[in-house]
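Peer 1: Here's a structure for you.
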Amino acid sequence: MSKVGKLPVAVPAGVNVTINGNEISVKGPKGELSQTFSPNVEVAFENGEIIVKTKNTSRQANADHGLYRALINNMVTGVSAGFSKSLIITGVGYRAEVKGEELVMNLGYSTDFIAMIPKGLSVATDPNGRVTVSGIDKQQVGEFCAQIRKLRKPEPYKGKGIRYETEIIRRKVGKTGVK
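Count along the sequence shown starting at 1, add 38, and that's the number in our numbering.
Listed below in structure tokens is the structure:
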């Protein structure tokens, strides 16, 4: 049995859960998400909680137990509260701005990077170099932030680049010039 899978998922008020065969749909004030789940697990909605159980004791069923419980919990959290991640752009002349459905970034190269903002996500920038990505799908938010960060990873000598707000960059000492 999975330790994560044993925990029930509490469903807040205003969130509707529909289970149809091997698919679960969650609808809330921020939107709607659906997920198909493995035939190794059984999902039930009882007393305002979603309970995930295994159908057999195989190793794959135990792995699916925790996985689908976590995915369902992320869906419920996404449609009720949403997810957001912040990126910090550090460097002289580095900046980002939103133009329509595009995120335009000047990252020290000769041309600007233009990233199309996926549907379901919203991006906000401020003049201090902070880019905030928010949406209801945790995987989509994380993937888009990872794609942005990959354009200019933070470097350890001057600290220039794009980093997560919670990320700590270990700084290195440069050359001293002594022979």
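Built from N, CA and C at the ideal position, the CB exists for glycine as well.
1) Is Gly-66 closer than 8 Å to Ser-118 when the C-beta atoms are compared?
2) With a floor of 4 residues, list each alpha helix (DSSP H) that falls wholly inside the segment 165-191, ordered by position along the chain.
3) So what does Gln-73 bridge to, in DSSP terms?
4) When you compare each of Asn-58, Arg-133 and Val-90 to Ile-152 by their alpha carbons, which one comes out closest?
5) Nearest to Ile-110 by CA position, among Pro-156, Thr-95, Gln-98 and Lys-44, is which residue?
6) Am I right that Phe-6 and Pro-156 are in contact with their C-beta atoms under 8 Å? What's the rounded C-beta distance?
7) Using the DSSP secondary-structure output, state which residues sit across from Asn-54 in a beta bridge.
8) For a test of the three-state rule: what should DSSP assign to Gly-43, helix, strand or coil?
9) Going by DSSP, what residues sit across from Leu-159 in a beta bridge?
10) Are the beta-carbon atoms of Ala-99 and Ile-89 separated by less than 8 Å?
11) Of the residues Glu-70, Gly-69, Lys-91 and Glu-84, which one's Cα is nearest the Cα of Ser-76?
12) Less than 8 Å between the C-beta atoms of Thr-128 and Gly-212, yes or no?
13) By the 10 Å Cβ neighbour count, where 16 or more other Cβ atoms means buried, how is Asp-175 classified, buried or exposed?
14) Determine the extent of the alpha helix (DSSP H) in which Tyr-195 is found, giving its start and end residues.
15) Among residues of its own chain, excluding the 5 on either side of Val-142, which ones have a beta-carbon nearer than 6 Å to its beta-carbon?
16) Can you give the Cα-Cα distance for Val-161 and Leu-125, rounded to whole angstroms?
17) Could you name the residues of the same chain whose beta carbon sits closer than 6 Å to that of Asp-102, not counting the 5 residues immediately before and after it, in chain order?
Peer 2: The short version:
1) As a working mapping, residue 118 is identified with position 80 in the sequence shown. As a working mapping, residue 66 is identified with position 28 in the sequence shown. Yes, the Cβ-Cβ distance between Ser-118 and Gly-66 is below 8 Å.
2) 176-189
3) Here residue 73 corresponds to residue number 35 of the sequence shown, with the count starting at 1. Ile-62, per the DSSP bridge assignment.
4) Here residue 152 corresponds to residue number 114 of the sequence shown, with the count starting at 1. Considering only alpha carbons, the answer is Arg-133.
5) Position 72 of the sequence shown, counted from the first residue, corresponds to residue 110. Per the Cα distances, Lys-44.
6) Outside the shown range of the chain, which is 39 to 217, sits residue 6, and nothing can be said about it.
7) Position 16 of the sequence shown, counting from 1, holds the residue named residue 54. According to DSSP, which records beta bridges pairwise, Asn-54 is partnered with Lys-65.
8) In the sequence shown, residue 43 corresponds to position 5, counting from 1. Of the three classes helix, strand and coil, the one that applies to Gly-43 here is helix, per DSSP.
9) Locating residue 159 in the sequence shown gives position 121, where the first residue counts as 1. Leu-159 pairs with Gly-173.
10) Here residue 99 corresponds to residue number 61 of the sequence shown, with the count starting at 1. Here residue 89 corresponds to residue number 51 of the sequence shown, with the count starting at 1. With respect to Ile-89, Ala-99 sits apart: the two C-beta atoms are not nearer than 8 Å.
11) By 1-based counting over the sequence shown, the position of residue 76 is 38. Ser-76 has its Cα closest to that of Lys-91, out of Glu-70, Gly-69, Lys-91 and Glu-84.
12) Position 90 of the sequence shown, counting from 1, holds the residue named residue 128. Position 174 of the sequence shown, counting from 1, holds the residue named residue 212. Not closer than 8 Å, so no.
13) To locate residue 175, count along the sequence shown from 1; it is residue 137. Its Cβ being crowded by 16 or more others within 10 Å, Asp-175 is buried.
14) For this step, residue 195 is matched to residue 157 along the sequence shown. Looking at the DSSP string, Tyr-195 is not in any alpha helix (DSSP H), and its letter there is neither H nor E.
15) Taking the first residue of the sequence shown as 1, we reach residue 142 at position 104. Answer for Val-142: Glu-135, Asp-150 and Ile-152, listed in chain order.
16) Translated into the one-based positions of the sequence shown, residue 161 becomes position 123. Translated into the one-based positions of the sequence shown, residue 125 becomes position 87. In a straight line, the C-alpha of Val-161 is about 11 Å away from that of Leu-125.
17) Your numbering for residue 102 matches position 64 in the sequence shown. Excluding residues within five positions, the ones whose Cβ falls inside 6 Å are Ser-76, Asn-78 and Val-79.
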